[in-house]
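Trainee:
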Amino acid sequence: MFLLINNFATEDDVRFENLFQHLRQFSVSQMENLLNLVPYPYSVALEQSIWTIAIKVGAVGVVRVLLDRGLDPNTVLCHLGSEHYIPLHLACKYRQIEVVRLLIDSGADVNTTREFGCTAIWYLFGEKEIHGIPPVTRDILRMLLIAGAGVISYGLESSLFWKDKESVDIFLEHATPLKQANLSGIRYTPLQVVLLNLDQDRATRAVKLLLGTEFVNGQMVISDIAIVRLEDAAHLAAFQGNEDLVDIFLGAGVRLTGTWLVEAVRGNSIPIVRRLLREGVKATEVLYEHRGMVDDFIRPYAGTLPKSVDSLLSESSIIHPMTTPLAEAIRWKRKELCQIFLDMGILDNINQAVGLQAALAAASEIGDLERVRYIIALAKRSISDAAKSEFLHARGGRATELATIGNHESIIEELLEAGMKPSPSAIVAAILVRNLKLLRLFLDVGTPVASDSFGHLSLAIRWGNIDAVRLLIEAGDPLNCLDYEIPFLYITESIPTPITSPLGEALARGDKKIIQLLFESGASASLERLKGLEIRQSPLCVAVQSGNKSFVQEVLAQGAAPCDPDALLAASLQSTEMMQLLLKAVDSGFPHGLKFFGSEALRRAISDRAIARIRLLAKYTDVNDTEQHRRYADDGKIDNGLWSEMLPSPLGQAIASCDMEIVQVILEAGGNPNSTVATQVPDPHTGRWTALLAAVHTKRLAIVERICDAGANVNYAAELGASRTPLQLAVETGSLEIVRFLLARDANVNGAPCIWGGGTALQLAAIKGYVGIAEILIQHGADINAPRGRFQGRTAFEGAAEHGRIDMLLLLYHKGVDLVSDGGVQIRRAIELAEKNAQLGAKGLVEQLSLLLDTTFMI
1 MFLLINNFAT EDDVRFENLF QHLRQFSVSQ MENLLNLVPY PYSVALEQSI
51 WTIAIKVGAV GVVRVLLDRG LDPNTVLCHL GSEHYIPLHL ACKYRQIEVV
101 RLLIDSGADV NTTREFGCTA IWYLFGEKEI HGIPPVTRDI LRMLLIAGAG
151 VISYGLESSL FWKDKESVDI FLEHATPLKQ ANLSGIRYTP LQVVLLNLDQ
201 DRATRAVKLL LGTEFVNGQM VISDIAIVRL EDAAHLAAFQ GNEDLVDIFL
251 GAGVRLTGTW LVEAVRGNSI PIVRRLLREG VKATEVLYEH RGMVDDFIRP
301 YAGTLPKSVD SLLSESSIIH PMTTPLAEAI RWKRKELCQI FLDMGILDNI
351 NQAVGLQAAL AAASEIGDLE RVRYIIALAK RSISDAAKSE FLHARGGRAT
401 ELATIGNHES IIEELLEAGM KPSPSAIVAA ILVRNLKLLR LFLDVGTPVA
451 SDSFGHLSLA IRWGNIDAVR LLIEAGDPLN CLDYEIPFLY ITESIPTPIT
501 SPLGEALARG DKKIIQLLFE SGASASLERL KGLEIRQSPL CVAVQSGNKS
551 FVQEVLAQGA APCDPDALLA ASLQSTEMMQ LLLKAVDSGF PHGLKFFGSE
601 ALRRAISDRA IARIRLLAKY TDVNDTEQHR RYADDGKIDN GLWSEMLPSP
651 LGQAIASCDM EIVQVILEAG GNPNSTVATQ VPDPHTGRWT ALLAAVHTKR
701 LAIVERICDA GANVNYAAEL GASRTPLQLA VETGSLEIVR FLLARDANVN
751 GAPCIWGGGT ALQLAAIKGY VGIAEILIQH GADINAPRGR FQGRTAFEGA
801 AEHGRIDMLL LLYHKGVDLV SDGGVQIRRA IELAEKNAQL GAKGLVEQLS
851 LLLDTTFMI
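In UniProt numbering, the protein residues as written are 1 to 859.
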């Protein structure tokens, strides 16, 4: 009963199963009798809690009783943990179909929204299904749609829904389109998912429903931003040849650009191509890659890949930095469309170099030698000398690279004969398709390799061809580059392990001959990991990961710095022997000791609870240092990824492990009990934690005692980013034993709150509803009239009202809380906060208490 009346006053993530089971044992008449016995306003709080439980578990009879007692299905919110729900939304979330039916019959608004515009349909499909959409979900969807639920995109983005024929049938049969769809969030709509999963007729009907009648009829004024967001769906419709949707999108004002025609050509949608040409779209319009839109230019290779290629190429796609509708017709062998364009005289009338480049690249990609010759001849006779120079020397078309990928050697000869010199990326292409002949040819014609942005040498080492490696070294390819980028191939994300350097690649592959060749040629073993946006590993780290001790010894002998954090982490995951090999080299080079490089390995050891490794590594780490976090794969290898949040210090991580032995080892290694162990901490707390705050958060008294015994300050102030004192955090987490312990250690019961969202120990107890803890604090002198924190604070009375803590309000009242001297400000704020948080019982109690006070103010 206490929990029900006090808004489940325990931890916010409390599990309610026991309460649910008790509720199921009540008959409807027993429930009515219970509610009749409880006086107002406690009955209101009780009803609201039972209302939440009954809806969640599907106790239809109880819900009906509460509706008959006057609860409004549209205004009486459900409180579940820290979340607030509209009743219909909660019923949909847990798929309680009979409760949904009852609420709708009782006048629940099926289109009511709360945060982020989420409706009942969103909650119905909010839980991601793995094995398909269950029948009950379909039945509730039908019920909502028949009741007039408006069609919005939230909740229907999943392809699972649009692949479920029965769900789509229900949607198409019963959905009513909105008059005016909200296109401000159109990027989150399922338009493209619909087009990809339904046949044209059903897709057209579904898109019309989602966009609304005014849009479909061309009567809606659409912002430029919304139009941009609709373009992807419009282009897909053109690709699929969906004439109805093309008409709708054009009629609504979606901009007509060359992309429409390109997509129609790719899809071989001839009627749409003809229409777009009539609308004035030019078949030679050049589409350029631009920042933020690279994905629009990523396409599968249109030709035939050779049998022997690097797996990176077979797993990836080509970036065409520029293209035209004509080029796409050539690339995808759309014979009828090519003929249409030729009949229009388009190819003969191209007078821009870029248009011819795009056409040439497409013909080179598919190995169309005759068309390549024709385009080259056309360029020589029909464009100006300046344009001709641009045609021959610009790299945008990528004709040589694309021909190389297909091993079209005769086309490459034609291109060279025409005066088109290969770019460095042509060398990449030759390596990827394992063509030593073309690699030699490109190098012989003087294609530059002295650039660290192409990774030629690393790719050749992946190939494992020592002759190719030797050629590149002799041609001047950098031995010690770290960067890796291929301009026209979208393969960077496909690389399974980070390309580091040529030496690192050879070590990873265990190729002894290539390793020896690299060292003989001057490869450096001392390259450090790149401190940039993407992570790269040093040769020493790669050698350690290979598990080959002789490689590690050779790299160290060649001058690699042994104090390598990545290498030490990898060694610690390999074996004690490998770890000791590195640490011995560190001790030899730094006889006075060295810290600051072992933290990554130590953190992993703490995570693994490997006490022997922890003891060994702690001397090489500042155990009080917080640092930036980098992602690691399960095997300890560095993920390609971005730098992200700040990690706790090793001492903080040890405390979080709740392992006393680990905590003791880290303290003995220099852990400071008053140090900051974290600057980013779990919600709802923010700011930083000291060692003692981290210990309190574990709720383990033994850990708290150990940190205090080591000298922690129990009255560490809630300032400079620390949002709680140790006692305040103990109270907030409901840790009664720790509260008693800290009070016994002379913790200040009235310690000042943090200025942002802070509270005294008693204020936090009031907010959480911990009546027992509050009484203990008051016995120790807690000020029940302490002012609220400076920003976003609450007095004890206000906090209790806001969170529906009925018994806490009564305790504070009977302990003499001052509700008068401020002229009623606290009373009014308490009522406002309770009302805003839908705590009807608490609001009623505050109103009653105000009437008992000897006051002259008005509520």
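C-beta: ideal position from N, C-alpha, C; glycine also.
Given that a residue counts as buried once 16 or more other Cβ atoms are within 10 Å of its Cβ, and exposed if not, what is Ala-54?
Mentor: That one is buried.
Trainee: So is Asp-169 buried or exposed if we call it buried at 16+ other beta carbons inside 10 Å?
Mentor: It is exposed - the Cβ of Asp-169 has fewer than 16 other Cβ atoms within 10 Å.
Trainee: Return the CA-CA distance between Asp-247 and Lys-282, expressed in angstroms with no decimal places.
Mentor: For Asp-247 and Lys-282, the distance between alpha carbons rounds to 19 Å.
Trainee: Could you please give the first and the last residue of the uninterrupted alpha helix (DSSP H) stretch that includes His-84?
Mentor: Per DSSP, His-84 belongs to no alpha helix (DSSP H); it is in the beta strand (DSSP E), 83–85.
Trainee: Mind checking who Gly-687 pairs with in its DSSP beta bridge?
Mentor: DSSP, once it has assigned bridges, lists Ala-722 as partnering Gly-687.
Trainee: In this structure, does DSSP put Met-322 in helix, strand or coil?
Mentor: Strand.
Trainee: I'd like to check one pair, Arg-95 with Ile-50: are the Cβ atoms closer than 9 Å?
Mentor: It is not a contact, given that the beta carbons lie outside the stated cut-off.
Trainee: Would Val-372 be called buried (16 or more neighbouring beta carbons within 10 Å of its own) or exposed?
Mentor: Buried, since its Cβ has 16 or more Cβ neighbours within 10 Å.
Trainee: Using the beta-carbon count (16 or more within 10 Å), is Ser-82 buried or exposed?
Mentor: Its Cβ having fewer than 16 others within 10 Å, Ser-82 is exposed.
Trainee: Touching or not, the segment 766–776 and the segment 738–749, by the rule of three or more beta carbon pairs under 8 Å?
Mentor: The answer is yes - the segment 738–749 touches the segment 766–776, with three or more Cβ pairs under 8 Å.
Trainee: Alpha carbon to alpha carbon, how far is Gly-559 from Glu-577? Give it in angstroms, no decimals.
Mentor: Going by the C-alpha atoms only, they are around 21 Å apart.
Trainee: Please identify the residue among Glu-661, Asp-608, Leu-569, Gln-574 whose C-alpha is closest to the C-alpha of Thr-621.
Mentor: Nearest C-alpha to Thr-621: Leu-569.
Trainee: Which word fits Met-344, buried or exposed, when buried means at least 16 other C-beta atoms lie within 10 angstroms of its C-beta?
Mentor: Exposed, by the Cβ-count rule.
Trainee: Residue range of the alpha helix (DSSP H) that Leu-582 falls in?
Mentor: Residues 576–589.
Trainee: Counting Cβ pairs, one atom from each stretch, are 3 or more of them under 8 Å apart for the segment 692–709 and the segment 647–661?
Mentor: Touching, yes, given that three or more Cβ pairs across the two stretches are closer than 8 Å.
Trainee: For Lys-584, count neighbouring C-beta atoms within 10 Å of its own C-beta (all shown protein chains included) and say buried if the count is 16 or more, exposed if not.
Mentor: Per the 10 Å Cβ criterion, exposed.
Trainee: Quick check on this structure: which residue in Pro-648, Arg-278, Ala-782, Thr-400 has the alpha carbon closest to the alpha carbon of Ile-606?
Mentor: Cα-wise, what sits closest to Ile-606 is Pro-648.
Trainee: How would you label Leu-720, buried or exposed, when you count the other beta carbons within 10 angstroms and need 16 or more for buried?
Mentor: When all chains shown are included, Leu-720 counts as exposed.
Trainee: Taking the C-alpha atoms as reference points, what is the distance between Ala-327 and Gly-598?
Mentor: C-alpha separation (whole angstroms): 55 Å.
Trainee: Is the segment 160–174 in contact with the segment 196–204, if contact means three or more CB pairs nearer than 8 Å?
Mentor: Verdict: yes, contact present.
Trainee: Secondary structure at Thr-137, three-state DSSP: helix, strand or coil?
Mentor: Correct three-state label for Thr-137: helix.
Trainee: Taking C-beta to C-beta, are Thr-119 and Gly-148 nearer than 9 Å?
Mentor: Not closer than 9 Å, so no.
Trainee: What do you reckon, is the C-beta of Ser-521 under 8 Å from a heavy atom of the ligand SAM?
Mentor: For the ligand SAM, the structure offers nothing, since it holds no ligand at all.
Trainee: Thinking C-alpha only, which one of Glu-336, Ala-567, Val-62, Glu-279 is nearest Leu-102?
Mentor: Nearest of Glu-336, Ala-567, Val-62, Glu-279 to Leu-102, Cα basis: Val-62.
Trainee: Mind listing, in chain order, the continuous beta strand (DSSP E) runs of no fewer than 3 residues lying wholly within the UniProt repeat "ANK" (83–115)?
Mentor: Correct list: 83–85.
Trainee: Enumerate, from N- to C-terminal direction, the unbroken alpha helix (DSSP H) stretches of 4 or more residues contained entirely within the segment 319–379.
Mentor: If we require 4 residues or more, the alpha helix (DSSP H) runs fully inside the segment 319–379 come out as 325–331, 335–343, 353–366.
Trainee: Please state the DSSP three-state secondary structure of Leu-642.
Mentor: With a pLDDT of only 38 at Leu-642, under 50, the local geometry of the prediction cannot be trusted, and the value read off the model is given with reservation. The answer is coil: DSSP assigns Leu-642 none of H, G, I, E or B.
Trainee: Look up Arg-440 in the DSSP assignment and give the residues it is bridged to.
Mentor: Note: Arg-440 sits in no beta bridge, so no partner.
Trainee: Check the DSSP bridge columns for Phe-791 and list the partner residues they point to.
Mentor: According to DSSP, which records beta bridges pairwise, Phe-791 is partnered with Trp-756.
Trainee: Roughly how many angstroms separate the alpha carbons of Leu-651 and Val-623, rounded to a whole number?
Mentor: Near 6 Å, if we compare the C-alpha coordinates of Val-623 and Leu-651.
Trainee: Candidates Gly-844, Ala-838, Val-846, Leu-853: which alpha carbon is nearest Thr-52's?
Mentor: The shortest Cα separation from Thr-52 among Gly-844, Ala-838, Val-846, Leu-853 belongs to Ala-838.
Trainee: Taking 7 Å as the limit between beta carbons, can you name the residues of its chain near Gln-848, skipping five residues before and five after?
Mentor: Counting only Cβ-Cβ distances below 7 Å, and skipping sequence neighbours, we find Pro-41.
Trainee: Around the Cβ of Leu-287, are there at least 16 other Cβ atoms within 10 angstroms (buried) or fewer (exposed)?
Mentor: Classification of Leu-287: buried, given that the 10 Å Cβ count is 16 or more.
Trainee: Provide the residue span of the alpha helix (DSSP H) that contains Cys-541, from first to last.
Mentor: Residues 539–546.
Trainee: Who are the Cβ neighbours of Phe-791 in its own chain at under 8 Å, not counting the five residues just before and after it?
Mentor: Cβ neighbours of Phe-791 beyond the five flanking positions: Ile-755, Trp-756, Gly-757.
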